[in-house]
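Chemist: After the structure tokens below, expect a handful of questions from me.
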Amino acid sequence: MSFLIKVLINGVALWLTALWISGVDFRTDGTALNTVIVVAVVSLLFTLVNAIVKPLVQLVSILFYILTLGLFFLVVNALMLLLTSWITGFTDYGLEVDGFWTAVLAGLIITVISVILTVILPDGKKKDRDRR
0 MSFLIKVLIN GVALWLTALW ISGVDFRTDG TALNTVIVVA VVSLLFTLVN
50 AIVKPLVQLV SILFYILTLG LFFLVVNALM LLLTSWITGF TDYGLEVDGF
100 WTAVLAGLII TVISVILTVI LPDGKKKDRD RR
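If you read the sequence shown in numbering that gives the first Met the number 0, its first letter stands for residue 0, the second for the next number, and so on.
Set out below in structure tokens:
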């Protein structure tokens with residue numbers, strides 16, 4: 000259940016980011032149903048990339064995290080967004096990101112939206128105070 004909530008949060012964050020930033024767009028045929036399907040598929044792929052590839056990149060680049068006092072996470076988030084865009088680029092539908100700096104800004108916005116939604120939405124786990 001927690002994975003589905005992460006996919007939902009990433010979908011909302013990606014969709015809002017595409018609305019707010021002109022360099023981030025979804026390739027769709029323009030219908031509402033197709034847009035929802037494309038956002039859902041891209042969100043699933045983005046969540047998988049963040050779950051599988053991102054920890055490996057973070058482990059390899061731990062020195063850059065230390066040297067930049069954690070600001071390197073912006074670069075890693077941008078790279079994960081660009082990787083998702085590259086993977087979906089093999090299809091007629093998907094995510095388009097114009098460049099690296101657009102991806103950095105989009106990654107920052109996605110992170111902020113995801114943190115806000117994670118605080119608001121339940122994660123499927125019971126809290127210690129709920130058990131009492």
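Idealized CB from N, CA, C, for every residue including glycine.
Kindly indicate which three-state DSSP category F71 falls into: helix, strand or coil?
Modeler: Translated into the one-based positions of the sequence shown, residue 71 becomes position 72. F71: helix per DSSP, three-state reduction.
Chemist: Leaving out five residues on either side along the sequence, give the residues of the same chain with a beta carbon under 8 Å from the beta carbon of L138.
Modeler: The shown model of the chain, from 0 to 131, leaves out residue 138, and the question about it has no answer.
Chemist: Work out the CA separation of L78 and L107 for me, nearest whole Å.
Modeler: Working through the sequence shown from its first residue, we reach residue 107 at position 108. Working through the sequence shown from its first residue, we reach residue 78 at position 79. Between L107 and L78, the C-alpha separation is close to 12 Å.
Chemist: Which residues does DSSP list as the beta-bridge partners of F25?
Modeler: Position 26 of the sequence shown holds residue 25. In DSSP, F25 forms a bridge with L94.
Chemist: Using only alpha-carbon positions, find the residue among T117, S84, I115, V103 that is nearest to V40.
Modeler: Against the sequence shown, residue 40 aligns to sequence position 41. For V40, the nearest C-alpha among the options comes from S84.
Chemist: Is the Cβ-Cβ distance between S42 and G10 less than 8 Å?
Modeler: On the sequence shown, position 43 is the one that residue 42 refers to. On the sequence shown, position 11 is the one that residue 10 refers to. Yes; because the gap between Cβ atoms is below 8 Å, this pair is in contact.
Chemist: Can you have a look at T90 and say buried or exposed, based on whether 16 or more other CB atoms are within 10 angstroms of its CB?
Modeler: Sequence index remark: in the sequence shown, residue 90 carries index 91 (1-based). Exposed, because fewer than 16 other Cβ atoms sit within 10 Å of the Cβ of T90.
Chemist: In terms of alpha-carbon separation, which member of L82, R26, I115, A12 lies closest to V48?
Modeler: Translated into positions along the sequence shown, residue 48 becomes position 49. For the residues L82, R26, I115, A12, the minimum Cα distance to V48 belongs to L82.
Chemist: If T87 and L80 are in contact, beta carbons under 8 Å, what's the gap, nearest whole angstrom?
Modeler: Taking the first residue of the sequence shown as 1, we reach residue 87 at position 88. Taking the first residue of the sequence shown as 1, we reach residue 80 at position 81. About 11 Å separates the two Cβ atoms, so there is no contact after all.
Chemist: Let's test the definition: count the other Cβ atoms within 10 Å of the Cβ of W19 and tell me whether it reaches 16, buried, or not, exposed.
Modeler: Looking up residue 19 in the sequence shown gives position 20. The residue is exposed, with fewer than 16 neighbouring Cβ atoms inside 10 Å.
Chemist: Using the beta-carbon count (16 or more within 10 Å), is A50 buried or exposed?
Modeler: The residue you call residue 50 lines up with position 51 of the sequence shown. Under this definition A50 is an exposed residue.
Chemist: Check F89 in the structure and name its three-state DSSP category.
Modeler: On the sequence shown, residue 89 is found 90 positions in, with the first residue counted as 1. Looking at F89 - three-state DSSP - the assignment turns out to be coil, as it is neither helix nor strand.
Chemist: To the nearest angstrom, how far is it from the Cα of W100 to the Cα of L32?
Modeler: The residue you call residue 100 lines up with position 101 of the sequence shown. The residue you call residue 32 lines up with position 33 of the sequence shown. Each residue's alpha carbon lies about 30 Å from the other.
Chemist: Taking 8 Å as the cut-off, decide whether the C-beta atoms of V37 and L13 are in contact.
Modeler: As a working mapping, residue 37 is identified with position 38 in the sequence shown. As a working mapping, residue 13 is identified with position 14 in the sequence shown. No, the Cβ-Cβ distance between V37 and L13 is not below 8 Å.
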